[in-house]
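Under the numbering used here, the first residue of the sequence shown is numbered 51, with each subsequent residue one higher. The beta carbon of each residue, even a glycine, is placed where N, CA and C say it ideally should be.
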Amino acid sequence: TDAADSAAANGAGITIGGAGASLTYSHSGTKFVLNKPLDVTGNATFSGSALFNFDGDSSLSLNDGGTNASQIKAGAGDELYIGANNTYALRFLNNGTNNVVFDNSSNVGIGTSSPSSKLHLRDAGTNSDVGIKIGNDSRDWNLKVMGSVSDSLQFSTHDNSNVMTILPSGNVGIGTTSPSAHLEIKG
């Protein structure tokens, strides 16, 4: 209490120890430091945040994430929110950016923090390509929005051979990535 704070402020601290184990109160950090593992049987209740420092380079902290949410942090900017948190049921952050979001309407966003459909993929880079791959044990198929090819929608095979292209103009090409008519077939 006040006497312990006063003693700790003068550098004395409070230490309870024996057999190589010690529990020390550090006034400078207003915390207790235990130098041995702690085994808890039953429930442990923390008020505020809990920080686990594993090896000096990595840590895990459990925090209040806002309205009815928990936040798990595993480094600066890398976060996982679980719970309502007003907008998200679950979200993964990397360097402070939402990588994957499950919103409260059961929509999933990859590359977007506000998914507008059950699965919403986005790459905000200029002329970026974004798509999904569907496959089985012998063949993969790709469905991509190709920012690098006039923002076209392309269907391709496992080796990225183009099968069909739909341009923003509505022109459809089979065997070509640049159809000049409503339907153009090559090959």
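Whole-angstrom distance between residue j and residue i, CA atom to CA atom
i, j, result
"Leu217", "Ser206", "15 Å"
"Gly98", "Asp89", "20 Å"
"Ser166", "Lys236", "36 Å"
"Asp190", "Asn212", "13 Å"
"His208", "Gly185", "9 Å"
"Leu143", "Val195", "24 Å"
"Asp187", "Pro229", "32 Å"
"Thr215", "Ser156", "31 Å"
"Ser219", "Ala231", "10 Å"
Coil, strand or helix - residue i by DSSP
i, result
"Val213", "strand"
"Leu169", "strand"
"Ser206", "strand"
"Thr51", "Because Thr51 carries a pLDDT of 48, less than 50, the predicted location of this residue cannot be relied on, and no value is offered for it."
"Asn149", "strand"
"Phe96", "coil"
"Gly233", "Residue identity check: residue 233 is Leu in the sequence provided, not Gly. Leu233 falls in the strand class under three-state DSSP."
"Arg141", "strand"
"Leu88", "coil"
Own chain, CB closer than 6 Å to residue i, minus 5 neighbours either side, in chain order
i, result
"Leu233", "Val222"
"Lys183", "Asp190, Asn192"
Cβ shell of residue i (< 7 Å), same chain only, five flanking positions each side left out
i, result
"Ser163", "Asn148, Val151"
"Val199", "Thr227"
"Gly197", "Asn177, Ser178, Asp179"
Beta-carbon proximity of residue i to residue j, cut-off 8 Å
i, j, result
"Val158", "Lys168", "yes"
"Asn192", "Asn177", "no"
"Thr226", "Ser202", "no"
"Ala71", "Asn85", "yes"
8 Å Cβ shell around residue i - same chain, five flanking residues per side excluded
i, result
"Arg172", "Gly159, Ile160, Gly161, Thr162, Val180"
Nearest-angstrom Cβ-Cβ length linking residue i and residue j, presumed shorter than 8 Å
i, j, result
"Phe82", "Thr74", "7 Å"
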